[in-house]
Amino acid sequence: MADSLVLMTIESLEGVPDLARAASILGVDVSAMDTAFGVVPIDPENGKYAVQVRASAVSDSGKTADGFNGPYSNPRIEGYGPKNED
Amino acid sequence: MRVSVIVSMPAEQNLRSLSLAAFTPGRIAAPTLTAMRSSDLYIDPKFPPLPLSAKRADGIDLAMASADVAPTFVTRGTIDTGSIERMLQENRGIEIFADPEIGLFETPHCGLAAVGTKSDVESKLDVAGLLAKGLDGRRVAVAVMDTGINLAHLRRRGLRPKIDRQIFWAPPGVAHTPGQFAVDHGTMCAFDALIAAPACTLLDFPILKSTTPGGSAMAGFLSDALLAFSYLNTQRTTASFLRKYKALVVSNSWGMYHPSWDFPVGHPGRYADNPNHPFNIMVGTLARSGADVLFAAGNCGADCPDGRCQGVTAGTVSGANAHPDVLTIAGCDVSDTRVGYSSQGPGIAGMASQKPDLTAYTHFVGSETFGTGTPDSGTSAACPVAAGCIAAIRTKLPTGNTTSKDLFSQLLANALPKPGPGSGWNKDYGAGVIRPMAVASQLGL
């Protein structure tokens, strides 16, 4: 089964961290990071960023640790209107 | 603020005459009530004084309830709330009572057929009045977070849409062709935003076209929305954006239909009820930065929920759709009656409770995206209708002058209230049906 990606948040008050720094905060190898997703500022004033990581590289308990939180749900979303059946 | 009141007055000859004239068969013309007690009180001349019987210690004397002998008469009018005390002091014997709006609890609309047209929506929103005030959305950006926009279809439907091709984000694998996507849900939303704000500039964010494995034709993943919001938040502070636009309105006609799409209840990474979920943090950041962020309430109303709700109709206003910093939009038809699929409050525990906030129009013939005569439906249509109203108001109310929070408060305070248990917010309509002209007038625009 393919190793899925999970959504995590990291904290860094030293500006936008690069992927290597994000991996270091998470305690995973940089090869586990989703490079296409990157490091996404979600509340940069408070040093909060989102990343995606291979699920196998992190615990799935959802427990908070120093500098990071997750994994978080990444549910499917759909429009609240008619569907085009074409 | 003027309010409707019921006024009781001690009997006087002119009141008896008016009452007798109104209620005696064969007498048509009633004399006008001229005995205004104060210019602060406006008496409704079409409402005849009604004789009120005398109250005795052992009950009510019904014999005293006729116009020729009644000791008191009641009528109705309006008065400024600040004048009530003085009015009572200056006029002995007068009493003033609240005359609250009452109405039937209408049956929510559940049929497939459209109710009304775009013209009806324009009329209800007083778009002509907005345009006369110069409130047309010019230099306001409206981001449509959806399946992408088809400008050619909008033009065929008689609109003259503007789009900003520089500010655009699409999920990986999706063509970078703003304004040239297949005619679908996003085109309907763009059409509906342009009803009240025909001169706004559309920003195309086709987040529901994810090609992530498992996605469907009109679906994406929350991480797509997260990336789009983060990109937009970066863009809106650039010098170029600030030079071009006075304000940013973000319309979101999407959400999570069923709890099974999320982590289980109690998981700390769950989305639906978790203000610390990264997307909910992101939404708060964008809203605090000055964007007016709107979300549709959802289509899981108890009367006729969408099949994707799988029968779950409680606590369905969830996730960012129940975020305290966004305006959550329920849907009604052009007769101001809730559509039965519009999700009802309160918001899910953990997020804002008083959701939806406000109601806007849906289920009318508008974009005809899905075929001739088909309605623009779902709270998906209501959300951009409201977004267009906000964009129109923002034409002369830049974000720097009035925050989202303050503007949203004005929208709630000036909404057309709808009957419900208790006063103020109710679970079906929030504060009521959107009335952009009342807000514009209130703000002196």
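In order, the protein sequences belong to chains L and S. Residue 110 in my numbering sits at position 82 of the first sequence; the count goes up by one each step and never skips. Residue 1250 in my numbering sits at position 299 of the second sequence; the count goes up by one each step and never skips. Ideal Cβ positions, reconstructed from N, Cα and C, are used throughout, including at glycine. All values reported here derive from a predicted model rather than from experimental measurement.
Residue i: first and last residue of the uninterrupted beta strand (DSSP E) it sits in
| i | result |
| --- | --- |
| S/C1283 | 1278-1283 |
| L/L33 | 33-39 |
| S/M1139 | Careful: S/M1139 lies outside any beta strand (DSSP E), inside the alpha helix (DSSP H) at 1136-1147. |
| S/V1200 | 1198-1203 |
Exposure label - residue i; buried when at least 16 CB within 10 Å
| i | result |
| --- | --- |
| S/C1061 | exposed |
| S/E963 | exposed |
| S/H1127 | exposed |
| S/Q1295 | buried |
| S/A1223 | buried |
| S/S1202 | buried |
| S/N1101 | buried |
| L/T63 | exposed |
| S/S1074 | exposed |
| S/K1069 | buried |
| S/S1293 | buried |
| S/L1177 | buried |
| S/A1049 | exposed |
| S/P1129 | buried |
| L/S101 | buried |
Residues of its chain near residue i, where Cβ-Cβ distance is below 6 angstroms and the 5 sequence neighbours each way are ignored
| i | result |
| --- | --- |
| S/M960 | F1024, I1045 |
| S/W1120 | F1156, A1179, Y1182 |
| S/P1000 | L966, L969, S970, F1024, T1026 |
| S/A1092 | T1152, L1154, Y1196, L1199 |
| S/S1167 | Caution is warranted here: a pLDDT of 49 is assigned to S/S1167, below 50, making its placement in the model unreliable, and the coordinate value is therefore given only provisionally. Answer for S/S1167: no residue qualifies. |
| S/A1247 | S1204, I1280, T1330, S1331, C1334 |
| S/D1115 | T1152, L1154 |
| S/S1269 | A1223, I1299 |
| S/G1241 | T1350 |
Residue-level contact to chain L via CB, residue i, 8 angstroms cutoff
| i | result |
| --- | --- |
| S/S1355 | no |
| S/T1236 | yes |
| S/F1156 | no |
| S/S1004 | no |
| S/R1108 | no |
| S/W1205 | yes |
| S/T1188 | no |
| S/I1299 | no |
| S/G1381 | no |
| S/F1192 | no |
| S/N1250 | yes |
| S/M1233 | yes |
| S/R1259 | yes |
| S/A1242 | no |
| S/L1245 | no |
| S/P1229 | yes |
| S/L1159 | yes |
| S/A1253 | no |
| S/G1097 | Here the sequence assigns Asp to residue 1097 of chain S, which means Gly is not the residue at that position. By this cut-off, S/D1097 is an interface position. |
| S/A1065 | no |
Contact with chain S by residue i, beta-carbon distance below 8 angstroms
| i | result |
| --- | --- |
| L/S84 | no |
| L/L35 | yes |
| L/I38 | no |
| L/S87 | no |
| L/M29 | Annotation note: pLDDT 42 at L/M29 (below 50); position unreliable, no value reported. |
Contacting residues, own chain, Cβ-Cβ under 7 angstroms from residue i (five flanking each side not counted)
| i | result |
| --- | --- |
| S/P1326 | A1065, H1314, F1315, V1316 |
| S/A1273 | T1279, G1298, I1299, M1302, A1303, K1306 |
| S/T1098 | F1132, D1135, H1136, G1137, P1157, L1159, K1160, M1169 |
Residues near residue i by beta carbon distance below 8 angstroms, same chain, minus five either side
| i | result |
| --- | --- |
| S/D1276 | V1234, G1235, A1238, R1239, V1244, S1355, K1356 |
| L/P45 | I38, I53, V67, Y77 |
| S/L1003 | S959, A1016, A1021, P1022, T1023, F1024, V1025 |
Residue span of the alpha helix (DSSP H) that contains residue i, given as start and end
| i | result |
| --- | --- |
| S/L1082 | 1078-1083 |
| S/F1230 | 1229-1239 |
| S/I1344 | 1330-1345 |
| S/R1106 | 1102-1107 |
| S/A1303 | First-last for S/A1303: undefined, no H or E at that position. |
| S/V1390 | 1387-1393 |
| S/K1195 | 1190-1195 |
| S/R967 | 964-974 |
| S/R1037 | 1035-1041 |
| S/L1173 | 1173-1186 |
| S/K1356 | 1355-1364 |
Checklist entry - What residues in the region 1207-1221 of chain S have a beta carbon less than 7 angstroms from any beta carbon of chain L? => result If the cut-off is 7 angstroms between Cβ atoms, the region 1207-1221 of chain S has M1207, Y1208, W1212, D1213, F1214, H1218, P1219, G1220, R1221 near chain L.
Item to check | Near-chain S residues of the region 67-78 of chain L (beta-carbon distance less than 7 angstroms), N- to C-terminal order | outcome: For the region 67-78 of chain L, the residues whose beta carbon sits under 7 angstroms from a beta carbon of chain S are, in order, V68, P69, I70, D71, K76, A78.
Checklist entry - If contact means a Cβ-Cβ distance below 8 angstroms, which residues of the region 45-69 of chain L contact chain S? => result Of all residues in the region 45-69 of chain L, only A64, F65, V68, P69 place a beta-carbon less than 8 angstroms from a beta-carbon of chain S.
Checklist entry - Which of the residues in the region 96-110 of chain L, read from start to end, lie with their CB under 9 angstroms from any CB of chain C? => result Looking for chain C here will not work: the only protein chains present are L and S.
Next on the checklist: Any C-beta of chain L within less than 8 angstroms: which residues of the region 1309-1325 of chain S qualify?
Outcome noted: Against chain L - using a Cβ distance shorter than 8 angstroms - the residues of the region 1309-1325 of chain S are T1320, F1321, T1325.
Item to check | Residues of the region 1119-1151 of chain S whose Cβ lies closer than 9 angstroms to any Cβ of chain L, in chain order | outcome: So the close ones are P1123, A1133, V1134, D1135, H1136, G1137, M1139, C1140.
Item to check | Interface residues of the region 1168-1181 of chain S facing chain L [CB-CB below 9 angstroms] | outcome: From the region 1168-1181 of chain S, only A1168, M1169, A1170, G1171, F1172, L1173, S1174, D1175, A1176, L1177, L1178, F1180, S1181 have a Cβ closer than 9 angstroms to chain L.
Checklist entry - Any residues in the region 1324-1350 of chain S with a beta carbon nearer than 7 angstroms to a beta carbon of chain L? Which ones, in chain order? => result For the region 1324-1350 of chain S, which is checked against every Cβ of chain L, the residues closer than 7 angstroms are S1328, G1329, T1330, S1331, A1332.
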